[in-house]
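Q:
There are 2 protein chains.
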Amino acid sequence: MEEIDRRILALLADDGRMSFTDLAKETGLSVSAVHQRVRRLQKRGIVQGFTARLDHARIGLPLTAFVSIKPIDPAAPDDAPERLAHLTAIEACHSVAGDESYILKVRVGSPNELEDLLQRIRAAANVATRTTVVLSTPWEGRPPRPDGAAADSEP
Amino acid sequence: MEEIDRRILALLADDGRMSFTDLAKETGLSVSAVHQRVRRLQKRGIVQGFTARLDHARIGLPLTAFVSIKPIDPAAPDDAPERLAHLTAIEACHSVAGDESYILKVRVGSPNELEDLLQRIRAAANVATRTTVVLSTPWEGRPPRPDGAAADSEP
DNA sequence: TCTGAAAGACAACTAGC
DNA sequence: GCTAGTTGTCTTTCAGA
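Going line by line, the protein sequences match chains A and B.
Residue numbers for the first sequence follow my numbering, beginning at 17 and rising by one.
Residue numbers for the second sequence follow my numbering, beginning at 17 and rising by one.
1. Could you check whether the Cβ of E19 (chain A) sits closer than 8 Å to any Cβ belonging to chain B?
2. Identify every residue that forms a DSSP beta bridge with S84 (chain A).
3. Going by the DSSP bridge assignment, what does V124 (chain A) pair with across the sheet?
4. Which value, in whole angstroms, describes the spacing of the CA atoms of F82 (chain B) and S35 (chain A)?
5. From the DSSP output, which residues share a beta bridge with I137 (chain B)?
6. Are the beta-carbon atoms belonging to V47 (chain A) and I24 (chain A) less than 8 Å from one another?
7. Using 8 Å as the threshold, is the C-beta distance between T153 (chain A) and T80 (chain A) below it?
8. In chain A, what lies closer than 7 Å to Q64 (chain B) by C-beta?
9. In terms of residue numbering, what span does the beta strand (DSSP E) encompassing T67 (chain B) cover?
10. Considering only C-alpha positions, which residue in the set A:R56, A:Q135, A:L70 and A:G61 is nearest to A73 (chain B)?
11. Using 8 Å as the threshold, is the C-beta distance between P160 (chain A) and L70 (chain B) below it?
12. For a quick check, are the C-beta atoms of A113 (chain A) and T148 (chain B) less than 8 Å apart?
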């Protein structure tokens with residue numbers, strides 16, 4: 017039951033364009049039943065959407081870096097995410113425990129663009145930055161494998 | 017020309033299940049032409065695949081962390097990625113410049129699972145770990161917006 | 001929550017420019 | 001590299017158990 021939902025999620029994480037027909041074959045359900053379950057998973061927000069995995073190096077964004085930021089004025093209100101949201105080079109923004117307050121994952125076309133981006137980040141959020149450049153990425157975005165724990169209750 | 021490809025990539029990054037019919041409407045091309053272009057983008061490896069975006073908190077993986085690793089024996093050959101690949105909790109593995117050699121992004125169900133994972137990482141790759149726990153994620157996996165630079169030449 | 005069937009929409013291929 | 005047309009498959013909805 018819940019096992020089938022996890023199987024559907026694994027299949028869609030692996031191939032987001034898999035047809036309902038194929039999902040039905042893989043799960044042993046009818047097409048309608050799979051269709052219903054996927055719609056329910058989307059409605060519940062467990063499936064948040066579908067996206068294409070792109071080769072960043074080949075769309076003009078070959079340089080990836082992690083940027084840790086720390087407020088210059090620790091007393092100021094912490095609204096860094098809102099202040100940084102317009103910078104589309106920032107692919108992800110995580111609030112973290114530890115010495116710094118956020119870790120940003122950024123993608124740019126060149127070292128020059130990275131320098132420019134860092135200046136914009138510092139100016140927009142009034143923060144100090146510490147940057148770790150990615151040299152290569154053995155893997156990334158590997159589909160999650162829910163090991164043991166169960167999911168949530170009903171919405 | 018190349019402009020249309022970038023538009024297609026942006027649309028598919030935003031909705032990986034968008035139909036070719038809709039892609040055709042959005043780009044002003046015929047369905048066949050869009051179909052051809054997407055197939056070519058996949059064949060060239062610019063589109064590497066499609067995936068469902070899942071709510072990790074609701075599939076039993078509510079805890080995210082970044083784990084930086086450093087070899088205990090700097091003279092040993094660096095094969096950490098191969099040694100760690102079997103640990104499916106590691107969603108991404110980046111080789112980085114800086115004090116440490118890799119940054120891992122991991123997702124687990126609980127602090128206990130994180131502790132267990134860290135032990136496995138240290139044992140498998142003979143490394144020291146430094147872990148930064150994610151408290152919240154304002155955003156993540158935002159579609160890349162190729163700003164100015166152009167893509168590659170032919171395969 | 002499932003099945004099965006029916007309508008329409010779509011994907012995939014072909015030919016021709 | 002594009003358009004247009006054709007065939008077979010798929011998506012989506014419905015009634016019913």
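From the three backbone atoms N, C-alpha and C, an ideal C-beta is built for every residue, glycine too.
Just so you know, these numbers come straight off a predicted model, no measurement behind them.
A: In short:
1. At a cut-off of 8 Å between beta-carbon atoms, E19 (chain A) makes no contact with chain B.
2. Beta-bridge partners assigned by DSSP to S84 (chain A): A:I119 and A:R146.
3. A:L79.
4. Note on geometry: alpha-carbon atoms of F82 (chain B) and S35 (chain A) lie some 34 Å from one another.
5. Paired residues: none, contrary to the question.
6. Contact flag unset, no.
7. Contact: yes.
8. The answer, in chain order, is R69, L70 and D71.
9. The continuous beta strand (DSSP E) containing T67 (chain B) extends over residues V63 to L70.
10. The shortest C-alpha separation from A73 (chain B) is found at A:G61.
11. For P160 (chain A) and L70 (chain B), yes; Cβs fall inside 8 Å.
12. Here A113 (chain A) is near T148 (chain B), since their CB atoms are less than 8 Å apart.
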